[in-house]
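Undergrad: Questions regarding the structure given below will be posed in turn.
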Amino acid sequence: MADVIDIVIVASAFGMDAVRAQGHLKCAEACRRAGAAGFEVRRELFADEADAAPQHLRALGGAIADLGLWSVFSTPAALYTADGRLDAAALRLSLVEASALGARFVKLQLGGFVHDAAGAAIAGQMQGSNVRLVVENGQLAEGGSLAQFVGLFGALAREEHAHVLGMTFDIGNWAWRDVAPLDAAAQLAPHVEYIHCKTTVGEGARRFPAAPAADDARFIAVLDRLPRDVPRGIEFPFDASRVEADATHYVKWLAAV
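If you count the sequence shown from 1, position 225 lands on 979 in the numbering used here, and the numbers rise without skipping.
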């Protein structure tokens, strides 16, 4: 029997302006029509800060669940401050918001992690929560370094909190740090619980996320190196002239590749 892989569509794939104008729920409805299993809500795409209020998140989460989708709550907040300390307040707020949404995962940026993972403090914040914490490799030097992620999971293991959090492995974001995704996958695969799928076009400041080509052997090699039983998120932009057809096509393709 073939593996069943959950495919998530990230709200930004529908276009940032469209999400802000139409709201997340419209995008979630399109996500369901495309055949996806999950939908990633992006806090930075809320049209108004009031959208992050618990009652609004509960209503959105209930409507997403009624569509038969599970959700991810993504926030631009970072787990560690610029000087390397755990940002307990940011983690606490993110957990409150993700819990109100009813999310399966809460995804934060790594931030300025240096060497002290503060695993016990993270575990204390997570106590009683049904949301799984994952940190994502970002595009900036702070929070996007391969050495930081290797160091983080090494530090957590030494602190006997190896499983307090997992990783969102963004295949495309490594390009901004000039890291080969396959090299990163070889070192981080045991910690990966969610995959953001995209490639990039352009160079430097003119680099943009893009859909993988069907014959992109390097992209497929990275997927093959990562766990096959974790959700895969579509984070590249759909063609604005055929959004729903694109969404349906890539949900099917990414589940099968």
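Just so it is clear, CB atoms sit at the ideal spot from N, CA and C, and this is done for glycine as well.
Give me the Cα-Cα distance between D805 and L887, rounded to the nearest whole angstrom.
TA: Your numbering for residue 805 matches position 51 in the sequence shown. Your numbering for residue 887 matches position 133 in the sequence shown. C-alpha separation (whole angstroms): 22 Å.
Undergrad: Specify, as a first and last residue, the run of the alpha helix (DSSP H) that H950 falls within.
TA: Along the sequence shown, read from residue 1 onward, the residue named residue 950 stands at position 196. No alpha helix (DSSP H) holds H950; the beta strand (DSSP E) holding it covers 946–951.
Undergrad: Starting from A964 and walking both ways along the beta strand (DSSP E), at which residues does that stretch end?
TA: The residue given as residue 964 occupies position 210 in the sequence shown. 962–964 is the extent of the beta strand (DSSP E) around A964.
Undergrad: Name the DSSP beta bridge partners of S883, please?
TA: For the purposes of this step, residue 883 is identified with residue 129 of the sequence shown, where counting begins at 1. None; S883 has no bridge partner.
Undergrad: Would you kindly report the start and end of the unbroken alpha helix (DSSP H) that includes Q809?
TA: For the purposes of this step, residue 809 is identified with residue 55 of the sequence shown, where counting begins at 1. Unbroken alpha helix (DSSP H) run through Q809: 808–820.
Undergrad: Let's see if you can read the secondary structure: which residues bound the beta strand (DSSP E) around S853?
TA: Numbered from 1 along the sequence shown, position 99 holds the residue referred to as residue 853. Premise fails: S853 lies in the alpha helix (DSSP H), 842–855, not in any beta strand (DSSP E).
Undergrad: Suppose you measure from the CA of A934 to the CA of Q809; what does that come to, to the nearest Å?
TA: Working through the sequence shown from its first residue, we reach residue 934 at position 180. Working through the sequence shown from its first residue, we reach residue 809 at position 55. Those two C-alpha atoms are separated by around 42 Å.
Undergrad: Cβ atoms of L855 and V764: under 8 Å apart, would you say?
TA: In the sequence shown, the residue the question calls residue 764 occupies position 10. In the sequence shown, the residue the question calls residue 855 occupies position 101. Contact flag unset, no.
Undergrad: Is the stretch 895–904 touching the stretch 964–979 in the sense that three or more CB pairs, one from each, lie closer than 8 Å?
TA: With a cut-off of 8 Å, the stretch 895–904 and the stretch 964–979 do not count as touching, because too few Cβ pairs lie within range.
Undergrad: Leaving out five residues on either side along the sequence, give the residues of the same chain with a beta carbon under 6 Å from the beta carbon of W928.
TA: Position 174 of the sequence shown holds residue 928. Only P935, A938 meet the Cβ criterion.
Undergrad: Distance check for T954 and S883, CA to CA, integer angstroms please.
TA: The residue given as residue 883 occupies position 129 in the sequence shown. The residue given as residue 954 occupies position 200 in the sequence shown. Taking the straight line from one Cα to the other gives about 35 Å.
Undergrad: Looking at Y834 and G866, is the spacing between their C-beta atoms short of 8 Å?
TA: Taking the first residue of the sequence shown as 1, we reach residue 866 at position 112. Taking the first residue of the sequence shown as 1, we reach residue 834 at position 80. Result yes, Cβ atoms of G866 and Y834 sit closer than 8 Å.
Undergrad: Using the three-state DSSP reduction, which class does L900 fall into: helix, strand or coil?
TA: Sequence index remark: in the sequence shown, residue 900 carries index 146 (1-based). It is helical.
Undergrad: For L849, which residues of its own chain have a beta-carbon under 7 Å away from its beta-carbon, when the five flanking residues on both sides are left out?
TA: Within the sequence shown, the letter at position 95 stands for residue 849. Contacts found: V860, Q879, S883, V885.
Undergrad: Any idea which residues DSSP pairs A832 with across the strands?
TA: Residue numbering aside, residue 832 sits at position 78 when the sequence shown is read from its first letter. Note: A832 sits in a beta bridge opposite Q863.
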